[in-house]
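Student: Below are the C-alpha cells for one structure; questions will follow.
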Amino acid sequence: MTPALGERASVLVLADDPRLTDEVESGADPENRGDDGPVAVETHATVPADVDEERLAEVDVAAVTDEAGLDRVRSAEAVEYVIAYVDDPTGRTATDPLVDAVAGTPEALSETVSWLLARDQRSTVRAKPTRTPSRIEQLNAGMAELAAVRSVDEAYRAAIAVTEQVFPEYHAVVAVRDGEWVEPVVASSGTPVEDCNRVRVGAGVAGRTVQTGDASIAPNPNPEGQFGTLLTVPVGDDVVFQLAADGVDDGDAFDDADRRLAELLASHLEETLDRIGVTEALRTERDRLLALFTNVPDPAVAYDYVDGEPIARQVNDAFEATFGYEAETVLGESIDEYIIPPDAESEADDLNERLQCGENVRREVTRTTAEGPRHFILHVIPIHLDAANAAGYAIYTDVTDRREREETLRRQNERLDEFASIVSHDLRNPLSVAEGYVDLARETDDTAPLEKAADALGRMDELVADLLSLAREGRSVGETESVSVVDVAREAWECVDMANATLDVETDATLDANRTRLCELLENVYRNSADHGRDSPDEPLSVRVGALTRRDDGTAADGFYVEDDGSGLPDDADNVFESGFTTDESGTGLGLAISERIAEAHGWSAHALAAEDGGARFEFRVP
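Counting in my numbering, the sequence shown runs without a single skipped number right up to 913 at its last residue.
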C-alpha cells in the first residue's frame with residue numbers, strides 16, 4: 291500500500307463501468323476515517339488493455355471482473371490487493387491465488403474495499419485497530435477459501451472454518467442425509483461431532499429442514515441439550531447447516547441478520563458442492579470414456595485439428611497392434627501421414643473438411659497397416675455435432691475379411707451367370723440336334739440319324755466337362771511344389787490330340803505350382819492352338835514353350851509362354867480369355883478362360899500377344 295494511505299487511497303476497477311466507481315467511492319469514503327483524519331478513496335474504471343505499468347504502480351486496490359483484468363494485474367506485480375468482482379465465487383477468476391477477496395454486488399465490493407483499506411491502516415499506520423471488519427466482509431474473505439476446495443469433506447470443513455470467523459459466539463454443525471437419517475459430519479472446534487445427535491428425516495429440527503427445505507430459528511427440542519436456540523438452513527436437498535446458541539432459549543439468540551448471513555453461507559456451500567459434484571461427474575465420465583477408448587477392440591484415435599491436420603492425441607492398444615505404430619511414434623503427429631494410402635489423399639482431405647464442420651462421418655475406407663492395405667468401416671465422431679470442431683474420435687472396424695468374402699461371392703455369382711448362359715445357349719443347340727435326329731430315326735426306322743445324335747451328345751459331354759473344369763478354377767490351387775516346366779509341358783502334350791503339330795520346349799526352368807492344374811492349363815492352350823491356329827488339322831503347326839525373362843517395360847520377370855506359328859490372334863484379341871468367346875462355331879469358348887482362372891488361382895497373370903512370326907503367344911507372368 292502506498293505511504294500516502296493516511297491521506298488518500300487509489301482503487302482501480304478494471305472494467306469500463308462508471309456505476310462501480312460511484313458505488314465504491316460513496317460506500318468506502320465515509321467508512322475510512324481514523325484518528326489521523328479521513329482516508330479519501332479515488333476510484334477509476336477502465337478496460338484492462340488501457341492500463342499502463344505506471345498507472346498500476348499507483349494503485350492500492352484493483353478490482354477485476356474477468357481473467358483479462360487478472361492477467362493485467364499479474365503482469366504488473368505492483369498492486370497490493372486484488373478483489374474479484376464476479377457473480378460466481380467458484381469460477382477461475384474468483385479462485386485465482388492472486389485474489390485477496392471476492393465481491394458479487396456493488397455494495398459488497400464497496401464494503402470489501404473499505405475492509406481492506408482499514409486492515410491495511412491497522413497493520414501499517416496505527417498500533418491499534420480502528421475498525422473491526424464487518425461479518426459480511428469476513429464472509430466474503432472466506433468465500434475464496436471455500437471456492438478453492440476440491441472435495442466434499444474439504445467443503446464441509448471450510449464452511450465450518452468460515453462460520454467460526456463470522457459467528458464466533460455460536461457452535462456450528464453440518465449434517466448430511468444418509469437414507470432415512472440425517473447424520474452430523476463436521477462440527478465447530480470444541481464440539482466433537484460424535485456428541486451431535488443424528489435424527490430421522492422429518493423428525494427434529496434438522497430432520498424437518500431436510501424434509502421441507504425451509505430455514506428456521508427454533509428452540510432445541512432436546513431439553514437436556516447444552517444448546518438453547520437452533521438456526522437451521524438447508525443446503526440443497528440433502529445437507530443442513532446449523533448454528534446453536536449456548537444456554538436456554540431466550541428467543542433473542544438469532545436475529546434476521548444472522549439468518550441472512552447463514553443463508554448466504556449455505557448458498558455458497560451449495561454452489562461449492564454443486565461444482566464438486568459436476569467435477570466428479572465429469573471426472574467419472576472421463577474415466578469411463580477413457581476405459582471405453584482403451585478397451586474397445588477396434589483401433590481408435592483421439593485427435594485434434596491443428597492447421598487443418600488431424601493430430602493424434604491418444605491411440606489405444608488395438609491401433610498399435612493393427613497399424614503397427616507405437617503410440618509415442620504417432621502422438622503429436624498428423625495421423626494421415628502414417629495411415630492414408632497415396633491414392634486416398636483427396637478422399638482424406640474431403641473427410642477432414644467435413645469433420646471440421648461437425649459432421650458425424652461413417653464410411654468404408656482403405657488404410658495402410660502393418661500388414662499392408664486393409665479395408666475398414668471408419669466411424670468418426672466430432673466432439674460437437676453441427677459446429678466447427680477441433681477434436682473428436684475415430685474408430686476403425688476391420689472389414690477386410692468381409693470384403694474378401696463379398697468379392698468371392700461376386701465372382702461366384704459371375705460364374706453362375708456364365709454357366710446359366712452356356713447351359714441355356716450352348717447346351718440347348720446340341721440337345722435340339724440330338725432330339726431332332728432321334729425323332730427322325732423313329733419316324734424312318736433308320737439308325738443312320740442316331741450317329742448324328744451321338745455326335746451332338748458328345749458335343750454336350752465336352753461342354754459339361756469344360757463347365758466342370760471352369761467351376762473348379764475359382765477355388766484355391768491346393769498344395770504346390772517345385773515342378774519342371776519341361777516335364778509338365780510334355781505331359782500335357784501327350785494328353786491332347788495335336789496331329790501334325792510339333793512341340794519344342796526351350797527352358798529347363800521350375801515353377802512353384804500345382805502340377806495337375808498347371809498341366810490342365812497347358813492342355814487348354816495347346817488345344818486352342820490346334821483348333822484355332824490353323825484352318826484344318828492337316829496343316830502343320832509348331833508350338834514352343836519357354837521361360838519369360840523380360841516384361842513389356844524391360845524389367846525382369848518370371849513365368850513362361852506358349853507360342854505357335856499359326857494364323858495368329860483374332861482382331862478382338864483382348865477378349866480371348868473371356869468365357870464363351872470363340873471364333874469357331876463348334877468351339878465352347880471356355881478353354882482359354884479355364885487357363886486364365888488356373889493362372890489367377892496361382893497368383894499369376896495371363897496375357898495374349900502376337901508372336902514375332904505372326905502366330906499367337908500366351909504369356910503367364912509370375913509377380
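The C-beta atom is built at its ideal place from N, Cα and C for all residues, glycine as well.
If you reduce the DSSP assignment to three classes, tell me which class S413 lands in.
Tutor: Position 123 of the sequence shown, counted from the first residue, corresponds to residue 413. The pLDDT assigned to S413 is 45, lower than 50, so where the model puts this residue is not dependable, and the model offers no usable value.
Student: Pull up the distance between the alpha-carbon of N642 and that of H674, whole angstroms please.
Tutor: In the sequence shown, residue 642 corresponds to position 352, counting from 1. In the sequence shown, residue 674 corresponds to position 384, counting from 1. So the two alpha carbons sit approximately 15 Å from each other.
Student: Let's test the definition: count the other Cβ atoms within 10 Å of the Cβ of D350 and tell me whether it reaches 16, buried, or not, exposed.
Tutor: Residue numbering aside, residue 350 sits at position 60 when the sequence shown is read from its first letter. Burial call: buried.
Student: Classify P320 as buried or exposed, calling it buried when 16 or more other Cβ atoms lie within 10 Å of its own Cβ.
Tutor: In the sequence shown, the residue the question calls residue 320 occupies position 30. Low local confidence applies: a pLDDT of 41 at P320 is under 50, so the model's placement there is unreliable, with the coordinate-based value given in what follows. P320 should be labelled exposed.
Student: Which residues in the same chain as L811 place their Cβ atom closer than 7 Å to its Cβ, once the five residues preceding and following it in sequence are excluded?
Tutor: Along the sequence shown, one-based indexing puts residue 811 at 521. Excluding positions up to five away in sequence, the list reads S885, I888 and A889.
Student: Candidates D848, V456, A678 and I667: which alpha carbon is nearest D548's?
Tutor: Residue numbering aside, residue 548 sits at position 258 when the sequence shown is read from its first letter. Checking every option, the nearest Cα to that of D548 belongs to V456.
Student: Mind checking which residues open and close the alpha helix (DSSP H) that includes V349?
Tutor: In the sequence shown, the residue the question calls residue 349 occupies position 59. Here V349 belongs to no alpha helix (DSSP H), and DSSP marks it neither H nor E.
Student: Assuming T792 contacts S832 (C-beta within less than 8 Å), just tell me the rounded distance between them.
Tutor: Translated into positions along the sequence shown, residue 792 becomes position 502. Translated into positions along the sequence shown, residue 832 becomes position 542. At roughly 5 Å, the Cβ-Cβ gap stays under 8 Å, so T792 and S832 are in contact.
Student: By Cβ distance below 7 Å, which residues in the same chain neighbour E570 in space, the five residues on each side in sequence not counted?
Tutor: Mapped onto the sequence shown, residue 570 falls at position 280. If we look at E570 and ignore the five residues flanking it on each side, it has no Cβ neighbours.
Student: At the level of alpha carbons, what is the spacing between P830 and D794?
Tutor: Counted from its first residue, the sequence shown places residue 830 at position 540. Counted from its first residue, the sequence shown places residue 794 at position 504. Roughly 14 Å between the two C-alpha positions.
Student: When you compare only the Cα positions, how much space is there between R834 and E769?
Tutor: The residue labelled residue 834 in the question sits at position 544 within the sequence shown. The residue labelled residue 769 in the question sits at position 479 within the sequence shown. Each residue's alpha carbon lies about 28 Å from the other.
Student: Select from E796, A789 and N790 the residue whose C-alpha is nearest the C-alpha of V778.
Tutor: Position 488 of the sequence shown, counting from 1, holds the residue named residue 778. The candidate whose alpha carbon is nearest that of V778 is E796.
Student: Whole beta strand (DSSP E) runs in the stretch 541 to 572 with 3 or more residues, listed along the chain?
Tutor: none
Student: What span of residues does the beta strand (DSSP E) with W471 cover, start to end?
Tutor: As a first step, residue 471 must be located in the sequence shown, where it is residue number 181. Its beta strand (DSSP E) spans residues W471 to A477.
Student: Taking the alpha carbon of S479 as the reference point, which residue from E454, V525 and R817 has its own alpha carbon closest?
Tutor: By 1-based counting over the sequence shown, the position of residue 479 is 189. Taking only the C-alpha atoms, the option nearest S479 is E454.
Student: What does T771 pair with, by DSSP beta-bridge criteria?
Tutor: Taking the sequence shown and counting its residues from 1, one reaches residue 771 at position 481. For the sequence presented, residue 771 should be read as Glu rather than Thr. In the DSSP assignment, E771 is bridged to A803.
Student: Does H892 come out as helix, strand or coil in the three-state DSSP assignment?
Tutor: Numbered from 1 along the sequence shown, position 602 holds the residue referred to as residue 892. The three-state secondary structure of H892, taken from DSSP, is helix.
Student: Once DSSP output is grouped into helix, strand and coil, what is the label at G327?
Tutor: Counting from 1 along the sequence shown, the entry for residue 327 is found at position 37. In this prediction, G327 has a pLDDT of 40, which is less than 50 and means its spatial position is unreliable; what the coordinates show is noted afterwards. In the structure shown, G327 sits in a strand (DSSP, three-state: E or B).
Student: If I measure Cβ to Cβ from T562 and keep anything under 7 Å in the same chain, skipping five residues before and after, which residues do I get?
Tutor: Counting from one through the sequence shown, the residue named residue 562 turns up at place 272. Taken in chain order, the residues that qualify are T380, L436, A437, V439 and A445.
Student: With distances taken between CB atoms, is the gap from P672 to N650 smaller than 8 Å?
Tutor: By one-based count along the sequence shown, residue 672 stands at place 382. By one-based count along the sequence shown, residue 650 stands at place 360. A contact, by the Cβ cut-off of 8 Å.
Student: Do you know offhand how far V530's Cα is from W471's?
Tutor: Taking the first residue of the sequence shown as position 1, residue 530 is located at position 240. Taking the first residue of the sequence shown as position 1, residue 471 is located at position 181. Near 12 Å, if we compare the C-alpha coordinates of W471 and V530.
Student: Excluding the five sequence neighbours on either side, which residues of its own chain have a C-beta within less than 8 Å of the C-beta of V584, listed in chain order?
Tutor: By 1-based counting over the sequence shown, the position of residue 584 is 294. A quick correction: the sequence has Thr, not Val, at residue 584. If we look at T584 and ignore the five residues flanking it on each side, its Cβ neighbours are N606 and D607.
Student: Leaving out five residues on either side along the sequence, give the residues of the same chain with a beta carbon under 6 Å from the beta carbon of G359.
Tutor: The residue labelled residue 359 in the question sits at position 69 within the sequence shown. So the qualifying residues of the chain are L304 and P338.
Student: Roughly how many whole angstroms lie between the Cα atoms of D787 and S819?
Tutor: The residue you call residue 787 lines up with position 497 of the sequence shown. The residue you call residue 819 lines up with position 529 of the sequence shown. The alpha-carbon atoms of D787 and S819 are separated by roughly 11 Å.
Student: Looking at T383 and L403, is the spacing between their C-beta atoms short of 8 Å?
Tutor: Position 113 of the sequence shown holds residue 403. Position 93 of the sequence shown holds residue 383. Here residue 403 turns out to be Val, not Leu, going by the sequence shown. Not in contact: V403 and T383 (Cβ atoms no closer than 8 Å).
Student: Let me know the secondary structure DSSP gives V337 once reduced to three states.
Tutor: By 1-based counting over the sequence shown, the position of residue 337 is 47. In the structure shown, V337 sits in coil (DSSP, three-state: anything other than H, G, I, E or B).
Student: Are D390 and Y371 close, meaning C-beta to C-beta below 8 Å?
Tutor: If you number the sequence shown from 1, residue 390 lands on position 100. If you number the sequence shown from 1, residue 371 lands on position 81. For D390 and Y371, yes; Cβs fall inside 8 Å.
Student: Per DSSP, which one or two residues make a beta bridge with V833?
Tutor: To locate residue 833, count along the sequence shown from 1; it is residue 543. The partner list for V833 (beta bridge, DSSP) reads L793 and D854.
Student: Candidates Y683, N790, D821 and A883: which alpha carbon is nearest L274's?
Tutor: It is not possible to answer for residue 274, since the shown part of the chain is limited to 291 through 913.
Student: Alpha carbon to alpha carbon, how far is E697 from F609?
Tutor: On the sequence shown, residue 697 is found 407 positions in, with the first residue counted as 1. On the sequence shown, residue 609 is found 319 positions in, with the first residue counted as 1. Roughly 26 Å separates the two Cα atoms.
Student: Taking just the CA atoms, how far does L521 sit from G494?
Tutor: Here residue 494 refers to the residue found at position 204 of the sequence shown. Here residue 521 refers to the residue found at position 231 of the sequence shown. If you take the alpha carbons of G494 and L521, they lie about 13 Å apart.
Student: In whole angstroms, what is the alpha-carbon distance linking L429 and A534?
Tutor: Numbered from 1 along the sequence shown, position 139 holds the residue referred to as residue 429. Numbered from 1 along the sequence shown, position 244 holds the residue referred to as residue 534. Near 18 Å, if we compare the C-alpha coordinates of A534 and L429.
Student: My understanding is that P776 touches D751, with C-beta atoms under 8 Å, so please give their C-beta distance in whole angstroms.
Tutor: Along the sequence shown, one-based indexing puts residue 776 at 486. Along the sequence shown, one-based indexing puts residue 751 at 461. One detail in the question is off: residue 776 reads as Val in this sequence, not Pro. V776 to D751, Cβ: 32 Å. No contact.
Student: From the DSSP output, in three-state form, read off I673 for me.
Tutor: Residue 673 sits at position 383 when you count from the first residue of the sequence shown. Three-state DSSP puts I673 in coil, outside helix and strand.
Student: Give me the Cα-Cα distance between T481 and Q516, rounded to the nearest whole angstrom.
Tutor: Working through the sequence shown from its first residue, we reach residue 481 at position 191. Working through the sequence shown from its first residue, we reach residue 516 at position 226. Taking the straight line from one Cα to the other gives about 11 Å.
Student: Using C-beta distances below 7 Å, list every residue in its chain close to E553, excluding the 5 sequence neighbours before and after it, in chain order.
Tutor: In the sequence shown, counting from the first residue as 1, residue 553 sits at position 263. Closer than 7 Å at the Cβ level, and outside the excluded window around E553, lie A505 and V523.
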